[in-house]
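Worksheet for the structure shown next.
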Amino acid sequence: TSLKIFILSFILMFTSGIVLAQEPATDQTSPEVTGAVTLDEVVEPEDLEISEPALLPNSPFYFFKEWGRGIQSFFAFNPVAKTELRLRFANEKLFEAKKLTEKKERPEVIKKAMENYQEEIEKIKSASDKIKDKASENPEVGKLLDKFIKQQVLQQRILEKLEEQVPPEVFAKIKEAREKHLERFGEVMQKLEDKTKLGDRLDKNLEELKGSKFKHFKNLEVLLKLEEKVPE
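FYI, the numbering used here numbers position 120 of the sequence shown as 900, with every residue one higher than the one before it.
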């Protein structure tokens, strides 16, 4: 399949360059490699074009935030703008779950935050349904898809890290969220882009993501998981 060919090309291109550049192996991981791994794992709010969440789902006033989102969505009449808005809401809700995990909130609170995030991912899919028929004719859809690809890869990095941090009672919910996220990631991409061009668009956007010289290994993890979710 085209995606398999793209993944194999991705592996050969970046692993060959990195291996040639590496110094002889030592018994200990170098500070450079340790720092690179940290850089490639950490996702900041600005990477997703959002601000640090101040009001979290554990607040009794959180419903005001949800009202505000509902009003913004109601007045977003342009289908592309509405899809982009849903993408921002998903970024915010995932970061809210991340903050709750860092604060060691109760498992049921973190689970509820993850459910909020999953609901938003479903709304992105529904919103994209309304623009798929004329996607090739609208240049704004291409810009949206570029942003979507970058941010979905970053969301996967956050979810992967959360699996290591959440209490055991929440692990299954995070795993479920990762699986559903990958499915919707693949579905939305295929709706908004010609399948013959998808490899090139993925390549371009993965290259533009910030990170160390080892960032392609982290991106490759996402690609390999994504390959299991898209149709042949």
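Glycine is no exception: its CB is placed at the ideal position from the N, C-alpha and C atoms. Quick caveat, the model's predicted, so the values are computed rather than measured.
Determine the direct distance from the alpha carbon of residue j to that of residue i, and round the result to whole angstroms.
i, j, result
"glutamate 885", "lysine 1005", "29 Å"
"alanine 915", "glutamate 963", "20 Å"
"valine 946", "threonine 881", "6 Å"
"leucine 800", "lysine 993", "Bear in mind that the predicted position of leucine 800 carries a pLDDT of just 48, short of 50, making it too unreliable to give a figure here."
"isoleucine 929", "glutamate 1001", "15 Å"
"glutamate 1007", "valine 889", "32 Å"
"glutamate 846", "isoleucine 938", "22 Å"
"alanine 907", "leucine 972", "11 Å"
"lysine 969", "glutamate 872", "The displayed chain sequence assigns methionine, not lysine, to residue 969. Taking the straight line from one Cα to the other gives about 21 Å."
"lysine 977", "isoleucine 954", "31 Å"
"aspartate 926", "glycine 850", "25 Å"
So, using beta-carbon positions, are residue i and residue j closer together than 8 Å?
i, j, result
"valine 950", "proline 887", "yes"
"arginine 868", "isoleucine 911", "no"
"glutamate 900", "arginine 866", "yes"
"lysine 941", "glutamate 821", "yes"
"glutamine 931", "leucine 828", "yes"
Mark residue i as exposed unless 16 or more other C-beta atoms lie within 10 angstroms of its C-beta, in which case mark it buried.
i, result
"glutamate 803", "Because the pLDDT at glutamate 803 is just 49, under 50, the model does not fix this residue reliably, and the value given afterwards should be weighed accordingly. Label assigned to glutamate 803: exposed."
"threonine 863", "buried"
"glycine 848", "exposed"
"phenylalanine 854", "exposed"
"proline 948", "exposed"
"alanine 893", "buried"
In terms of residues, what are the limits of the alpha helix (DSSP H) holding residue i?
i, result
"valine 822", "Here valine 822 belongs to no alpha helix (DSSP H), and DSSP marks it neither H nor E."
"threonine 881", "859 to 882"
"glutamate 940", "919 to 945"
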